[in-house]
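To start, the structure itself, in structure tokens.
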Amino acid sequence: MSLQVVTANRLGDGLVVFLTADGGWSENINDSRVADGKDAAEAILAQASAPELDVVIVGPYLIDVEQQDGGLVPTKYREVLRTKGPSVREDLGYQAV
Amino acid sequence: MYRYDDFDRQLVQERTEQFREQVKRRLAGDITEEQFRPLRLMNGVYLQLHAYMLRVAIPYGTLRADQLRELGSIARKYDKGYGHFTTRQNIQYNWPKLDEIPDALLDLANVEMHAIQTSGNCIRNTTTDQYAGAAADEIEDPRPYCELIRQWSTFHPEFTYLPRKFKIAVTGSPNDRAAVKVHDIGLRMHQNEAGETGFEVIVGGGLGRTPFVGKTIRDFIGKNDLFSYLEAILRVYNRFGRRDNKYKARIKILVHEEGIDKIRDLVEEEWAQIRDGSLRVSDEEIAHYIAQFTPPAFETLSDDDADFEVHKAANRRFFNWVRSNVIEHKQPGYAIANVSLKPIGGIPGDATDSQMELVADLSEKYSFGDVRVTHEQNLVLPHVKKADLFALWTALDAAGLGTANLGYVTDIISCPGLDYCALATARSIPLSQRISERFGDLDRQHDIGELKIKISGCINACGHHHVGHIGILGLDKRGKEFYQITLGGDASENAEIGKIAGAGFSEAEVVDAIESLVTKYIDIRESGERFIDTYRRVGMDPFKEVLYGDR
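Chains as they are written, first to last, in the UniProt record's numbering: chain A, 1 to 97; chain E, 1 to 551.
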């Protein structure tokens, strides 16, 4: 079964964030709470979609991830870009830090 | 250039304050994202892949020096030191913070700018020829009419919730540089048999997932009647345009499904009711707007400048820049200077804060403080004395803005693609960079001649791939980027939608595929033929063969 995490954009600055194990939001995908299987995925998405989080984040959704070299990597390239920043500007986004 | 009157100023300032309150309420949790989203979109604020994006309108692509300087300042203050000029003659900022956007909008309002008409299902920012008021081939400056369209369409209560967005483009020249035939409405200025100047009205053009070249709904409409006629078209569209399916909601689908004759009848019927009403614009009123766009105080000069010729003879790089980037001006002794935002291997349409400020300064020094933005993602200084061209180029070149490639294979239109855009299915910028590097040698570009490559990162076609001589559409195939090639598109007065050559190419293959097309063209072209001319003469097959062989 595939692994999934919840991602969204933060309300204040629009930056990409991931739902963490303690119910917070992190800029680092490796802090994510990982769901293994459909039921677990539905549960974390439901947690991320709680109405009170509408003032914290925008548009939460599930993405597929894989464990690679000890880190979490999205399976879709679009989501890889979201964890890094524009491929054409490596000086910008999370990859620049 | 047009200056805001009190009404414009009040309108934009009130709008800015309204949005400040809306943002405050959103951040405080008083309104939900669902409620806020349409409000932010009406103020040009999108949520993209990495962050918010602010799209600022540049009505009909005309900027004053102080406005461009402010765009540079906003890039530094609220963004990461750059902006992206788009195929809609707008500018986008990729990293603004939501709570700072109202301040950015206030800074814009202070220089008579805004983000209105850059999103939503309204009449969008009107676009036109970037050489308006300067071009030697122009019948009349189209911008007074663009400004009237802006005033008529801004916050038009009846047309704020159209079935879908609506784009109007205007050309005052028979050589269409505004791609008017691929807009919801295209207006082509011309003279009728009585010698009166008016417009051919073209309707139902567009790109996106269902591309069409627009059809002529009226061969001639007089200037006084233009606005009531536009209103009649919009009314027919607003009433009959489809609202059941977002992908079938543009007027091009209505025109296609109902037929141009039926739409014409409906429009004429509607127009008959309103043509003598308040939208009939008097000659005096038109004259008032024409006066806002009076030509600058040109000096009386000889068209030949000895120093200019000396510099051209002495400096090969300057000679090359003049050859491609300098266009004939209507006023003797002056020229139109194009500032390429396509350095070899660079990001099409991106400009840094300091580059924007430099171009603003140079426009004050050399071009009456007048700057234009092109839908091909370059800038223009429209009124430069030939005697000043060398000094201008020297300053541009020192800032990486002196690339001599206008209209060549490296002058590529590219949307932001998957590097920034939430809708994209593939990246387009890196591909444009690789093509630019492959063909970067200037002698080779000269040999190839005019060749318009346009790249879109999804079917929405912001990169105008359908009207590229070579168009490239980036798609997602089982998680991998792949690129479909179209050939024979044309955005000019001879507008055509390109045809798909065949199966797509992988990211690794596509640049070689483009090169094989160019090589084929060079092999088979006849004297004086551009790529598009050769394609029209020989058709798709020879090109298909080099792409696919026996495949």
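All C-beta atoms in this analysis are idealised placements derived from N, C-alpha and C, irrespective of residue type, glycine included.
Suppose the cutoff is 7 Å on Cβ atoms and the five residues either side in sequence are ignored; what does the same chain contact list for residue i look like?
| i | result |
| --- | --- |
| residue 267/E | 217, 232, 233 and 236 |
| residue 435/E | 412, 453, 511 and 514 |
| residue 49/E | 420, 421 and 422 |
| residue 189/E | 139, 140, 142, 171, 172, 197 and 199 |
| residue 275/E | 225 and 228 |
| residue 546/E | 516, 517 and 520 |
| residue 80/A | 73 and 74 |
| residue 332/E | 301, 302 and 303 |
List the whole-angstrom C-beta distance separating residue i from residue j, where the pair is believed to meet the contact cut-off of C-beta under 8 Å.
| i | j | result |
| --- | --- | --- |
| residue 286/E | residue 223/E | 6 Å |
| residue 96/E | residue 41/E | So it is not a contact: roughly 14 Å between Cβ atoms. |
| residue 84/A | residue 93/A | 6 Å |
| residue 11/A | residue 98/E | 7 Å |
| residue 128/E | residue 44/E | Not quite, the Cβ-Cβ distance comes to about 20 Å (not below 8 Å), so this is no contact. |
| residue 202/E | residue 181/E | 6 Å |
| residue 578/E | residue 459/E | Since the first residue of chain E shown is 1 and the last is 551, residue 578/E is not available in this structure. |
| residue 246/E | residue 212/E | Rounded, the Cβ-Cβ distance is 17 Å, inconsistent with contact. |
| residue 238/E | residue 162/E | 6 Å |
| residue 205/E | residue 195/E | About 28 Å; that fails the 8 Å criterion. |
| residue 293/E | residue 548/E | Incorrect: roughly 51 Å between the Cβ atoms, too far for contact. |
Who are the near neighbours of residue i in its chain, counting only those whose CB is closer than 6 Å to its CB and skipping five residues on each side?
| i | result |
| --- | --- |
| residue 69/E | 357 and 360 |
| residue 151/E | none |
| residue 164/E | 121, 249 and 250 |
| residue 65/A | 3, 5, 72 and 74 |
| residue 176/E | 492 and 493 |
| residue 146/E | 60, 126, 128 and 170 |
| residue 281/E | 224 and 227 |
| residue 429/E | 347, 414, 417 and 419 |
| residue 530/E | 449 and 450 |
| residue 135/E | 173 |
With distance defined between alpha-carbon atoms, name the residue in the options nearest to residue i.
| i | options | result |
| --- | --- | --- |
| residue 39/E | 320/E, 106/E and 115/E | 115/E |
| residue 340/E | 410/E, 490/E and 175/E | 410/E |
| residue 305/E | 289/E, 334/E and 296/E | 334/E |
| residue 376/E | 315/E, 312/E, 78/E and 468/E | 468/E |
| residue 444/E | 519/E, 351/E, 263/E and 328/E | 519/E |
| residue 184/E | 536/E, 107/E, 123/E and 319/E | 123/E |
| residue 337/E | 349/E, 363/E and 355/E | 363/E |
| residue 490/E | 162/E, 250/E and 466/E | 466/E |
| residue 371/E | 202/E, 64/E, 25/E and 162/E | 64/E |
| residue 57/E | 113/E, 23/E, 66/E and 4/E | 113/E |
| residue 61/A | 68/A, 49/A and 67/A | 49/A |
| residue 373/E | 158/E, 8/E, 178/E and 18/E | 178/E |
| residue 32/A | 81/A, 97/A, 54/A and 67/A | 67/A |
| residue 102/E | 18/E, 262/E and 136/E | 18/E |
Within 8 Å of any Cβ in chain A, is that where the Cβ of residue i sits?
| i | result |
| --- | --- |
| residue 52/E | yes |
| residue 388/E | no |
| residue 479/E | yes |
| residue 97/E | yes |
| residue 29/E | yes |
| residue 419/E | yes |
| residue 430/E | yes |
| residue 536/E | no |
When you compare the CB of residue i with every CB in chain E, is at least one pair closer than 8 Å?
| i | result |
| --- | --- |
| residue 78/A | yes |
| residue 30/A | no |
| residue 49/A | no |
| residue 11/A | yes |
| residue 7/A | no |
| residue 33/A | no |
| residue 36/A | no |
| residue 87/A | yes |
| residue 92/A | yes |
| residue 14/A | yes |
| residue 62/A | no |
| residue 22/A | no |
| residue 73/A | no |
| residue 65/A | no |
| residue 45/A | no |
| residue 69/A | no |
Residues in the same chain with beta-carbon distance under 8 Å from residue i, minus the five sequence neighbours each way, listed in chain order, please.
| i | result |
| --- | --- |
| residue 440/E | 344, 345 and 410 |
| residue 25/A | 8, 10, 17, 18, 19, 56 and 57 |
| residue 296/E | 368, 370 and 383 |
| residue 277/E | 228 |
Which complete alpha helix (DSSP H) runs does the stretch 99–149 of chain E hold, if anything under 4 residues is left out? 101–110
Please give me, in chain order, every unbroken run of the alpha helix (DSSP H) with length at least 4 that falls completely inside the stretch 435–488 of chain E. 442–448
Could you give the uninterrupted runs of the alpha helix (DSSP H) lying entirely in the stretch 22–54 of chain A, keeping only those of 4 residues or more? 38–48
Run through the stretch 187–275 of chain E for me and flag every whole beta strand (DSSP E) of 3 or more residues, listed as ranges in chain order. 197–203 and 215–222
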